[in-house]
Amino acid sequence: MISHVSTFTLEGLEPRRVTVEVDLRTGLPSFTIVGLGDRAVRESRERVRAAVQNSGFAFPEKRVTVNLAPASLRKSGPGFDLAIACGILAASGQVPSELLDRLAVFGELALGGAIRPGRGVLAVAEGARAAGLTGLI
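Position in the sequence shown (first residue = 1) + 1332 = my numbering.
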C-alpha cells in the first residue's frame, strides 16, 4: 500500500512543499529513504523506527521505501521525521490515511516518540496555508 503525506522544506526562507510517499512491499524487511535528503534525513530511519515502536505502534516487517518528492529539491534537517512516521502508519493501516489528506506534518521525533519542534515551523505553517492545507501537526 502507498500513502502520501505533505510536509515542507526551506529553500532559503521560502517553504517548499514536499510529498512523503511511503510504499510497503512484501520481501526482506528493509527501510530506505530516497529523494535527495541530507545526513539528518538519512538518520531519521533510526529515529522513526524507535519512535514508532516506543509509541505502541508496530513497525512493519516489510520492505519500506520512503520517497521525498520532488527528488530535485534538496531536503535537510530532522523535520521530516514525523511525516515519515505518519506515512508509515498510514500505509500499514494503523492510522486512517484520509486523516492526513488536508494536513501538513512537520517535526523531529525523539526515540521515545515525543515530537520535538523543528526549525522553521512558522515558515512551514505559512507554506501549508498557502498550499490550501487546513492544519499542521
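Ideal placement from N, C-alpha and C gives every residue a C-beta, glycine not left out.
Just so we're clear, the structure is a prediction, and the values are computed from it rather than from any experiment.
At the C-beta level, A1423 and D1355 come within 9 Å of one another. Assignment of S1424 by DSSP, reduced to helix, strand and coil, places it in the coil class. The alpha-carbon separation between I1420 and G1452 amounts to approximately 24 Å. Pairing S1387 with E1378, the inter-Cα distance amounts to about 14 Å. For the options R1461, L1405, C1418, the alpha carbon positioned closest to that of F1389 is the one of C1418. Between I1469 and V1437, the CB-CB gap stays under 9 Å.
Non-local beta-carbon contacts of T1466 in its own chain, meaning distances under 6 Å to residues more than five positions away in sequence, involve R1434 in chain order. For S1408, same chain residues with a beta-carbon under 6 Å away, outside a window of 5 residues either side, are D1370 in chain order.
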